[in-house]
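Peer 1: Chains A and B, in that order, are what the protein sequence lines are.
Just so we're aligned: the first sequence equals residues 9 to 251 in our numbering.
Just so we're aligned: the second sequence equals residues 64 to 382 in our numbering.
Ideal placement from N, C-alpha and C gives every residue a C-beta, glycine not left out.
One structure, pasted below without further comment.
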Amino acid sequence: MSTFAWNDIRTVLWKESKSLFKFRENRSRYFTLFLAPMLLGLVFPWTWGPDWVKDFPTMLLAFFTPVLIIGITITDSFAGERERHTLETLLSSRLPDRSILLGKYLFSVVVGWSITLVFLLLSLVMANIAHGHGQILLYTPTVALADLALSFLAATLTAGVGIHISLRAATAQQAAQILMAFLMIPIVALQVGVVLFRDQLNALLPRLNGELILTITLAVMLILDVVAFWLAARRFQRAKLLF
Amino acid sequence: MDGIAIRLIELTRQFGSRGKAPRGFDVLAVDHLTLEVPAGIVFGFLGPNGAGKTTTIRLLLGLLEPTDGRCQVLGFDSATQGADVRERCGALLEYSGLYEQLSAEENLEFYGRVYRMPVLDRKARIREILSGIGMWERRNEMVGRWSRGEKQKLAIARALLHRPPLVLLDEPTAGLDVMAAMEVRESLASLAAQQGVTVFLTTHNMAEAEKLCNLVAVIRHGSLVALGHPDTLRMRAGGSRLEIIGRNFTAAALESLRAQPAVVAVEASNGRLLIDLRQDGEAAPLVSLLVEAGAQVEEVRRGKATLEEAFVDLVEEEK
């Protein structure tokens, strides 16, 4: 990547960070973005017990935390800018499409993933305080790796899909709603599957290799990530954005 | 660049034909528009709502692709060299495009970074430009709390921040009070006169175009209706108007006036006659005719219609 391109991306990152940390008048967003994950990071390990560091729910939250955060930041960054009529002015500047896209994408991913990592660290501290009893509890290597990979891929997937949806939605709110619905579909489908095929699953699960399932899940997410970003990049072109 | 800042050659933009508009919505927004804008002038682009002014600005900036024709800005083709065009232009589009949660200084800081202005130059220019619009003391205020006029002035300042040789302004004084609009007009006029910046502006305000523009184009339904200096357009549309103030304008006198080959129309009301003359129609014989018919003439004015009247005439002619 050329120096110019990186400088342009840094400029967009600078603007995005200024915008995010200056929404003093919308305190509910502060809560959703920063406080809610931290509260969950305290409550979940407290109630779950010492198995928190080696159980499935950690991974589930590692997946959902960036989804919730980026569901807000990415839709605001694209659909919100268009709604506020600042996107057209940005597009009329010299910034290349790719720099705008990458700057906004990276910013959301970095914010969403960073908050998730803080959440995971905080929940580990909480697990130790509540259930350590003099011993240091650590995430098992599999859970730690799964948390890192899942949260990162969930962040990039939400950002990619979020851009695509934002560029078609009329408002940031509509984009956020569609994005959430879209990302919830596989989860609901999973739940329905569990209810419908409970007996078969109970018979099957002990024979399955958990690490293999995790690897397959991560591989599928990686492919979906690439496809989502490719679609977003294809859609994010000046000539296609304005009517 | 050969002294021409903007050159449109048969520029056409249709919405809908290539699936870029909602189904059943097919509009020829810009229709084979051909014109040239010399460098260093204030150029007014006039037209009623929906005439294609905003679409033309978007085409100039390479934000839309033309359906047909070409569009050269500062020597670059907007369709294929849009990045070069945007690098060298400042733009104020339909909306101010300011980040309302950021301060005035941060808004300018961002665009200064976008245009890769060196730090020291950027800081100095921001100070210069904010002081110029009387907002330096308020640089740290959140723009969202500013009035519409203040925001508009800041948006124009943003368009000029990186010292572009060409600025494209879509209705720059819309929504401004009289004083603010006057200040904006003055600064735009001085930009062109002193700094050689080419200003391309769209406006509905004919008085503004008359005062500010060296050259105006009138468009309707995306087509060029007229192009020229505001005075030329005024003369073309209303230059042959005669206004006579006096008494005893009898019906017989009016009839004889209407019978004159130089007269197109006569309208009388409250001691005032408005006579539309054909091109090169002379006023003196008509005044003599009235006096001979017993009219008492107090004042005769060879009409200079306002640009607004000229604009209405031009647009009506095209209907």
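Please tell me whether alanine 162 (chain A) and proline 45 (chain A) are closer than 8 Å, where the distance is taken between their beta carbons.
Peer 2: No; because the gap between Cβ atoms is not below 8 Å, this pair is not in contact.
Peer 1: Please return the same chain residues whose Cβ sits closer than 7 Å to the Cβ of alanine 243 (chain B), not counting the five positions on each side in sequence.
Peer 2: The residues are Gly212 and Lys216.
Peer 1: Please state if the CB of arginine 304 (chain B) and the CB of aspartate 339 (chain B) are separated by a distance shorter than 8 Å.
Peer 2: Contact flag set, yes.
Peer 1: Is there a C-beta anywhere in chain A that falls below 8 Å from the one on alanine 146 (chain B)?
Peer 2: Yes, alanine 146 (chain B) lies at the interface with chain A (some Cβ there is under 8 Å from its Cβ).
Peer 1: Between which two residues does the beta strand (DSSP E) carrying glycine 337 (chain B) extend?
Peer 2: As written in the sequence, residue 337 (chain B) is leucine, which differs from the glycine given in the question. From DSSP, the beta strand (DSSP E) with leucine 337 (chain B) extends over 335 to 340.
Peer 1: Is leucine 229 (chain B) buried or exposed, if buried means 16 or more other CB atoms sit within 10 Å of its CB?
Peer 2: Buried, by the Cβ-count rule.
Peer 1: First and last residue of the beta strand (DSSP E) that includes phenylalanine 263 (chain B)?
Peer 2: Here the beta strand (DSSP E) through phenylalanine 263 (chain B) covers 261 to 266.
Peer 1: Where does phenylalanine 205 (chain A) sit, in a helix, a strand or coil, going by DSSP?
Peer 2: Correct three-state label for phenylalanine 205 (chain A): coil.
Peer 1: Reducing DSSP to helix, strand and coil, say where phenylalanine 29 (chain A) ends up.
Peer 2: Coil at phenylalanine 29 (chain A), not helix or strand.
Peer 1: Along the chain, where does the alpha helix (DSSP H) that runs through histidine 139 (chain A) open and close?
Peer 2: Counting along the chain, the alpha helix (DSSP H) containing histidine 139 (chain A) begins and ends at 105 to 139.
Peer 1: Comparing the C-beta of leucine 71 (chain B) with each C-beta of chain A, is any distance below 8 Å?
Peer 2: No, because no Cβ of chain A sits closer than 8 Å to the Cβ of leucine 71 (chain B).
Peer 1: Quick check on DSSP: helix, strand or coil for alanine 84 (chain B)?
Peer 2: Because the pLDDT at alanine 84 (chain B) is just 49, under 50, the model does not fix this residue reliably, and the value given afterwards should be weighed accordingly. Coil at alanine 84 (chain B), not helix or strand.
Peer 1: Kindly indicate which three-state DSSP category proline 293 (chain B) falls into: helix, strand or coil?
Peer 2: Helix, per DSSP.
Peer 1: Using three-state DSSP, classify serine 332 (chain B) as helix, strand or coil.
Peer 2: Serine 332 (chain B) falls in the strand class under three-state DSSP.
Peer 1: Grab me the residues of arginine 243 (chain A)'s own chain with a C-beta within less than 7 Å of its C-beta, minus the 5 sequence neighbours each way, in chain order.
Peer 2: The answer, listed in chain order, is His172 and Leu175.
Peer 1: Got a sec: which bits of the region 156 to 172 of chain B sit with their beta carbon under 9 Å from any beta carbon on chain A, in order along the chain?
Peer 2: Those residues of the region 156 to 172 of chain B that come within reach of chain A (Cβ to Cβ, closer than 9 Å) are Leu156, Glu157, Tyr158, Ser159, Gly160, Leu161, Tyr162, Glu163, Gln164, Leu165, Ser166, Glu169 and Glu172.
Peer 1: What are the start and end residues of each continuous beta strand (DSSP E) run of 3 or more residues lying completely inside the region 182 to 238 of chain B, in chain order?
Peer 2: Within the region 182 to 238 of chain B, the complete beta strand (DSSP E) runs of at least 3 residues are 229 to 233.
Peer 1: What did DSSP end up calling proline 65 (chain A) once you bin it into helix, strand or coil?
Peer 2: In the structure shown, proline 65 (chain A) sits in a helix (DSSP, three-state: H, G or I).
Peer 1: When the Cα atoms are used, what is the spatial distance from phenylalanine 76 (chain B) to serine 100 (chain A)?
Peer 2: Inspection of the sequence shows that residue 76 (chain B) is occupied by arginine rather than by phenylalanine. Using only the alpha carbons, I get a separation of about 18 Å.
Peer 1: Show which residues of chain B have a CB atom less than 7 Å away from the CB atom of histidine 93 (chain A).
Peer 2: Within chain B, the residues near histidine 93 (chain A) are Tyr158 and Gly160.
Peer 1: Does the separation of the CB atoms of proline 65 (chain A) and alanine 135 (chain A) fall below 8 Å?
Peer 2: In this structure, alanine 135 (chain A) does not lie closer than 8 Å to proline 65 (chain A) by Cβ.
Peer 1: Under 8 Å between the Cβ atoms of isoleucine 108 (chain A) and valine 169 (chain A)?
Peer 2: In this structure, valine 169 (chain A) does not lie closer than 8 Å to isoleucine 108 (chain A) by Cβ.
Peer 1: What residues of chain B sit near threonine 83 (chain A), judged by a beta carbon separation below 9 Å?
Peer 2: Going along chain B, no residue has its Cβ under 9 Å from threonine 83 (chain A), so there is no contact; the nearest lies around 16 Å.
Peer 1: Given 8 Å as the limit, is there contact between the region 310 to 317 of chain B and the region 285 to 294 of chain B, that is, 3 or more CB pairs closer than that?
Peer 2: The region 310 to 317 of chain B, when compared against the region 285 to 294 of chain B, does not touch it at the 8 Å Cβ threshold.
Peer 1: Return the first residue and the last residue of the alpha helix (DSSP H) that arginine 149 (chain B) is part of.
Peer 2: Arginine 149 (chain B) -> alpha helix (DSSP H) spans 145 to 151.
Peer 1: Closer than 9 Å between beta carbons: that is the criterion. Which residues of the region 121 to 135 of chain B meet it against chain A?
Peer 2: So the list reads Arg121, Leu124, Gly125, Leu126, Leu127 and Glu128, given in the order they occur along the chain.
Peer 1: Within 10 angstroms of the Cβ of alanine 328 (chain B), are there 16 or more other Cβ atoms? Answer buried if so, exposed if not.
Peer 2: Answer is exposed; the Cβ neighbour count stays below 16.
Peer 1: Starting from proline 101 (chain B), follow the beta strand (DSSP E) in both directions and report where the run begins and ends.
Peer 2: From DSSP, the beta strand (DSSP E) with proline 101 (chain B) extends over 90 to 101.
Peer 1: Quick one: using the 10 Å Cβ neighbour count with 16 as the cut-off for buried, is threonine 266 (chain B) buried or exposed?
Peer 2: Threonine 266 (chain B) comes out buried.
Peer 1: Isoleucine 120 (chain B) and glutamate 99 (chain B): beta carbons closer than 8 Å?
Peer 2: In this structure, glutamate 99 (chain B) does not lie closer than 8 Å to isoleucine 120 (chain B) by Cβ.
Peer 1: Along chain A, in chain order, which residues have C-beta atoms closer than 8 Å to that of glutamate 345 (chain B)?
Peer 2: Result: empty, since nearest Cβ-Cβ is about 51 Å, beyond 8 Å.
Peer 1: At a CB-CB cut-off below 9 Å, which residues of chain B make contact with threonine 19 (chain A)?
Peer 2: Those within 9 Å of threonine 19 (chain A) in chain B are Phe173, Arg176, Val177 and Arg179.
Peer 1: Measure how close the beta-carbons of glycine 79 (chain A) and threonine 166 (chain A) come, nearest whole angstrom, since I'm counting them as under 8 Å.
Peer 2: Sure, about 6 Å apart at Cβ, within 8 Å.
Peer 1: Using a C-beta to C-beta distance shorter than 7 Å, which residues of chain A count as neighbours of arginine 188 (chain B)?
Peer 2: By Cβ distance, chain A contributes nothing, its closest Cβ being about 16 Å from arginine 188 (chain B), past 7 Å.
Peer 1: From the DSSP output, in three-state form, read off isoleucine 104 (chain B) for me.
Peer 2: In this structure, isoleucine 104 (chain B) counts as coil in the three-state DSSP scheme.
Peer 1: Have a look at the DSSP bridge pairing and note the partners of glutamate 306 (chain B).
Peer 2: In the DSSP output, where bridge partners are listed per residue, glutamate 306 (chain B) has B:Leu337 and B:Arg364.
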